[in-house]
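Numbering of the sequence shown is given in this note's numbering, commencing with residue 998 and proceeding in unit increments.
Cβ coordinates follow ideal geometry from the N, Cα and C atoms, glycine included.
Structure first, commentary second.
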Amino acid sequence: MPEDKAKEPANKDDSEQSASAIFVEMMREAAANAGPGKSRSGLDETRQAGLDAADPDHSKISLEPDTTAPTVQRIRRRRWLLRRPPPSSMASGFLGTIFVVALSTALVATLLMFFVNPEYVNPAVVRGLQLEGDEIIAGVSAGRPTPVQTPHWLRRIGIVSGHRGTTESGARDPGAVCEDAYGNSFLEEADINFAVAKRVVAALEGMNYGVEMLDEFDPRLNNYRADALVSIHANTCYDFGEHVSGYIVAISEARPEFGADAFLRECIAENFGAYVPLERSYNLTADMTDNHTWRKIHPLTPGMILEMGYMLADQAVLTEDPDLLARAIVDGVLCFIENVNRPSSQLAPGRHDSGYIIPAMVTPTPIFGR
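Put into structure tokens, the structure is as follows:
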């Protein structure tokens, strides 16, 4: 036991001396490494050797800085979507506009060529355009044909006797009816209309015009083509509680106000008013402006409807002298037929040498397709 205690200090000194020796050795190595003759690369090699001895896996790790640029994946925007179009010049914009207009014109012309009836255009206008084109190509002014008035026997006039015949269902249509106190009918519109219409047809035929008597629902009215169409009627026999009188003239609401239909209407109105002691009334109804006849006849046929008077207040005028009424209508038809193609410079409003009256209005539209 005493021997063991004596040996303990010696072991302690050996351990302390060993630690001191190790520290001194480390300092020497550090001084040697820090000397001026030692290069940086040698220092790195010595350090690397010490690290390799202490940790074999450390040799796999390089102490040199990694100079390789890291790969960064960025999302590139589609700049072509945000790119503004290059500025165009005025000339290119003008040429582009001309191209679009020319293409649109060609497309519209093609559609019109296939879907528009050729008869819609006045043949006289077509012939005039052809002559103008020939003159432009030849460089000279070609001789124009002299217009010649169409012979009477080539004129076609339609006279509709209002409510004559049967309806489309086959029933009889007397039109307006006047009844006595007992409810018995003593006057029918269809009879008044026919008495006047047959006299008009006879008078025009005596002048060598081609005239056709038509019923109210005549099948010939479908696409009917004529120089003029006059539908003769008489107004209602209803008692309005006051004096309602006068004649009415009307055309289809779908026709132009200053076209051939309007000129025919005014010719009939002026001449009828000059013969008949009645005032002109303007109480138009849908039966006049939207009559079934206007939806049937050809679009180029001028037409008008005449309500000669009211069967209650104007009964005496309508029944006592049908010849007077017929003469007034004939003069109105002549006013239209003989002047519809004349220019406004040759249309003198007032009474004509033939006896009829020419109304004061704008230049009438020519009759198409004569």
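query	result
Decide if H1240 is buried, meaning its Cβ has at least 16 other Cβ atoms within 10 Å, or exposed.	exposed
Report the three-state DSSP secondary structure of F1020 (helix, strand or coil).	helix
Give the DSSP-derived three-state secondary structure of I1156 in the structure shown.	strand
Under 8 Å: do the segment 1244-1261 and the segment 1272-1284 share three or more Cβ pairs, one atom per stretch?	yes
Given a cut-off of 7 Å, decide if A1323 and R1196 are closer than it, judged by their beta-carbon atoms.	yes
For the beta strand (DSSP E) containing F1183, name the first residue and the last one.	S1182 to E1185
Can you tell which of I1156, R1262 and I1302 has the C-alpha that lies nearest to the C-alpha of C1332?	R1262
Which full runs of the alpha helix (DSSP H) of 4+ residues lie inside the segment 1186-1240, going along the chain?	1186-1203
Opposite A1325 in the DSSP bridges: which residues?	Answer by DSSP bridge pairing: none, since A1325 is not bridged.
Thinking C-alpha only, which one of L1303, Y1307 and V1113 is nearest V1330?	L1303
Where do the N-terminal and C-terminal ends of the alpha helix (DSSP H) with L1100 fall, by residue?	M1087 to F1112
The alpha helix (DSSP H) that contains L1261, what's its start and end?	A1257 to Y1272
To the nearest angstrom, report how far apart I1156 and I1334 are at their CA atoms.	14 Å
Do three or more CB pairs link the segment 1266-1276 to the segment 1210-1228 at distances below 8 Å?	no
How would you label E1026, buried or exposed, when you count the other beta carbons within 10 angstroms and need 16 or more for buried?	exposed
If we count Cβ pairs, one from each stretch, closer than 8 Å, do we get three or more for the segment 1280-1300 versus the segment 1169-1178?	no
Take G1347 and list the residues in its own chain whose beta-carbon comes closer than 7 Å to its own, dropping the five residues that flank it on each side.	I1354 and I1355
Per the contact definition of three or more C-beta pairs closer than 8 Å, is the segment 1313-1328 in contact with the segment 1177-1197?	yes
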